[in-house]
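Enquirer: Numbering (our numbering), first residue to last: 3 to 151.
Where a beta carbon is used, it is the ideal one built from N, C-alpha and C, also for glycine.
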């Protein structure tokens with residue numbers, strides 16, 4: 003699979019889950035505790051580069067446990083699971099050792115762009131803390147970047 007084919011396949015799956023992610027993120031906005039100092043939208047990619055993707059909202063500030071517990075029912079925006087039939091949602095199963103491009107970076111960039119568009123569509127005016135899209139493992143070529151100053 004070429005990088006372009008991979009990007010098209012990933013974008014198609016993410017687009018099919020846009021409404022759910024948008025609803026969850028909107029719900030998070032209504033639950034952010036006042037003591038929150040920063041919000042992150044974390045993109046997690048599996049270490050082997052097979053194509054597992056998780057996108058979660060996290061809050062920073064005093065007493066992280068309490069802050070994140072407040073949003074926990076809605077914090078997960080997207081998660082890939084392995085089933086007997088393959089990935090669910092059906093992202094392409096990859097082998098990073100055989101691909102001519104970085105699956106880690108490409109998948110992270112696709113997810114970051116997807117989240118940025120969801121953010122733009124929601125246009126949240128009530129969120130005044132800094133909001134960043136990050137890859138805790140430092141994957142991606144466009145992350146980290148700030149959504150809300």
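Quick check: the Cα distance between residue 56 and residue 84, rounded to an integer number of angstroms?
Expert: Looking at the two C-alpha atoms, the distance is approximately 12 angstroms.
Enquirer: Please give me, in chain order, every unbroken run of the alpha helix (DSSP H) with length at least 4 that falls completely inside the segment 77-125.
Expert: With a minimum length of 4 residues, the continuous alpha helix (DSSP H) runs that stay inside the segment 77-125 are 105-124.
Enquirer: Taking only the alpha-carbon atoms, compute the straight-line gap between residue 34 and residue 93 and give it to the nearest angstrom.
Expert: Cα-Cα distance, rounded: 30 angstroms.
Enquirer: Quick one: any contact between the segment 64-78 and the segment 34-52, if contact means 3 or more CB pairs under 8 angstroms?
Expert: The segment 64-78 is in contact with the segment 34-52.
Enquirer: For residue 151 and residue 87, what's the separation of their Cα atoms in angstroms?
Expert: Roughly 42 angstroms separates the two Cα atoms.
Enquirer: Run through the DSSP bridge pairs and tell me what residue 150 is partnered with.
Expert: Its beta-bridge partners are 133.
Enquirer: Would you mind stating whether residue 58 and residue 47 have Cβ atoms separated by less than 9 angstroms?
Expert: Taking 9 angstroms as the Cβ cut-off, residue 58 and residue 47 do not qualify as a contacting pair.
Enquirer: Taking Cβ to Cβ, would you say residue 145 is nearer than 9 angstroms to residue 114?
Expert: Contact: yes.
Enquirer: Is it true that the CB of residue 76 sits closer than 9 angstroms to the CB of residue 27?
Expert: Cβ atoms of residue 27 and residue 76: closer than 9 angstroms.
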